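Comments concern the structure below.
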Amino acid sequence: MRIPSNRDFTRITPSAFTYHRLKSYVSDCRAVLLPSFGGPHLLQLRSHVPVPPLKSHDVLVRARAVSVNPLDTRMRAGYGRSIFERLLPIILGRDVSGEVAAVGDKVRLVSVGEQVFGALHPTAVRGTYADYAILSEEEVTPKPDSLTHVEASAIPFAALTAWRALKSTARISEGQRILVVGGGGAVGLSAVQFAVAAGCSVVTTCGSQSVDRLLAAGAEQAVDYIAEDVELAIKGKFDAVLDTIGMPETERMGINFLKRGGHYMTLQGEAASLSDRYGLIIGLPAATAVLLKKQLLYRFSHGIEYSWTYMRDDLEGLTEIRKLCEAGKMKIPVYKTFPIAQVKEAHEAKDKKLIPGPHAEKPKMPDKVKVLNNVSP
Ligand SMILES: NC(=O)c1ccc[n+]([C@@H]2O[C@H](COP(=O)([O-])OP(=O)(O)OC[C@H]3O[C@@H](n4cnc5c(N)ncnc54)[C@H](OP(=O)(O)O)[C@@H]3O)[C@@H](O)[C@H]2O)c1
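Going by our numbering, the first residue of the sequence shown is number 1, and it counts up by one from there.
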């Protein structure tokens with residue numbers, strides 16, 4: 001089947017080309033397939049990849065920009081293989097920003113033609129690295145006019161992860177002290193912006209190149225984890241700690257910085273890694289046992305709540321994220337974009353952490369590498 005080019009879409013006026021027709025027209029599109037786990041060279045941009053029919057609450061989004069999250073590169077390398085191996089080839093990508101091309105018959109929250117952004121759940125098999133992505137209506141929200149598609153696509157997956165930790169788990173409130181370990185990444189920066197907007201005072205650890213950005217975002221202290229002794233530099237106790245790094249030393253430090261009754265949340269839960277190692281049947285109960293043991297241990301030894309945080313789709317969170325973006329209180333910098341034909345290069349760059357940012361003095365990790373859809377190299 002012929003794939004409509006950009007020119008086809010711009011030439012046809014809405015009156016001559018109804019969105020109902022578009023719905024039946026897009027039965028296939030370009031997509032980046034991952035046929036097996038491994039390096040970036042495995043990613044294949046293919047044409048004529050089927051677009052499944054929409055379910056009642058589905059939204060078909062014509063992708064204008066998608067982002068490369070650490071989850072994408074980890075999934076490409078085999079993280080989550082206990083779920084995804086039997087489903088290969090899969091399409092990577094969680095975030096998307098674009099326009100609604102068609103909607104399922106029960107969709108009420110967005111309409112055809114609307115500019116939206118959103119993110120898929122970590123276990124979604126058909127990701128967003130495609131000309132057309134399918135999300136449920138609760139996974140998208142109108143894109144603020146103040147953000148470009150590239151800027152918008154950097155935000156939802158990371159910000160929803162931060163939202164889940166700070167709002168759903170720790171239920172942070174005005175006047176509390178929050179520590180974000182690893183504030184230089186997209187989740188960390190989102191968490192700092194959420195906590196500041198909620199009226200909390202925020203301390204964070206980050207690389208030297210991120211210090212100014214985190215202070216500008218409202219953190220009261222941003223400690224360079226390479227140049228400084230973090231445990232000496234940070235004073236006092238916290239109501240919640242979000243640990244985006246999740247190494248044994250950051251976990252120990254985070255827990256020691258908590259007040260009694262505080263919440264420690266790590267992004268590096270072991271459910272997927274244990275399932276990958278031992279299979280779902282043994283791995284999931286083993287992960288539950290590990291988590292339970294730590295929860296009991298830390299409740300007894302420190303009087304704190306311990307949890308593994310995972311991104312979840314959450315319309316309330318996404319709506320709040322949109323409002324913060326509209327108010328100019330949430331933004332994730334984007335340092336480099338790639339056309340979708342260069343998705344391998346985008347993954348290589350994210351793997352090697354070699355993209356220099358505009359404010360970087362040395363090669364650094366970009367907060368987001370973008371893959372732009374429908375842009376020629
Ligand atoms: N559980 C979930 O559902 C979930 C969801 C999203 C992400 N994650 C995971 O969470 C992590 C962060 O994700 P992201 O999207 O924010 O990644 P990202 O945008 O790629 O950022 C990673 C940042 O971590 C910082 N960093 C590295 N080592 C550090 C250390 N020892 N101390 C302090 N900061 C350190 C670096 O910041 P500087 O540039 O300042 O050095 C780096 O830029 C990844 O491992 C990802 O896989 C999990």
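Beta carbons are placed, not taken as given, at the ideal position from N, Cα and C, and that holds for glycine. All of these numbers come straight from a predicted model, not from anything done at the bench.
Taking C-beta separations shorter than 8 Å and ignoring five residues to either side along the sequence, the partners of MET330 in its chain run ILE155, ALA159, SER190, GLN193, PHE194, ALA197, ILE321, LEU324, following chain order.
For GLU305, the secondary structure class from DSSP, reduced to helix, strand or coil, is strand.
LEU88: not part of any alpha helix (DSSP H); DSSP gives it neither H nor E. TYR132 has its CB no nearer than 6 Å to any heavy atom of ligand 1. Ranking PRO142, PHE37, ILE281, VAL150 by CA distance to the CA of LEU92 puts PHE37 first.
In this structure, MET253 has its beta carbon at no less than 6 Å from each heavy atom of ligand 1. For ALA101, the number of other beta carbons within 10 angstroms of its own is at least 16, and it is reported as buried. When the five nearest sequence neighbours on each side are left out, the beta carbons in the same chain lying within less than 6 Å of the beta carbon of SER275 are those of SER82, GLY283, LEU284, in order along the chain. GLY80 is classed as buried because its beta carbon has at least 16 other beta carbons within 10 Å across all chains shown. In summary, LYS55 is exposed, with fewer than 16 beta-carbon neighbours lying within 10 Å of its beta-carbon over all protein chains present. Here VAL125 is exposed: its Cβ has fewer than 16 other Cβ atoms, across all protein chains shown, within 10 Å.
For the set PRO52, VAL334, ALA341, the Cα lying nearest the Cα of ASN69 is the one of VAL334. Inclusion of LEU267 in the 6 Å shell around ligand 1 follows from its C-beta lying nearer than that to a non-hydrogen atom of the ligand. Separation of THR337 and THR73 (C-alpha to C-alpha, rounded to the nearest whole angstrom) is 16 Å. Counting C-beta atoms within 10 angstroms of its own C-beta, MET247 has fewer than 16 neighbours from the protein chains shown and is therefore classed as exposed. About 7 Å separates the Cβ atoms of GLY182 and CYS206, confirming a contact at the 8 Å cut-off. Judged by beta-carbon spacing, LEU135 lies beyond the 7 Å limit of LEU147, meaning their Cβ atoms are not closer than that value.
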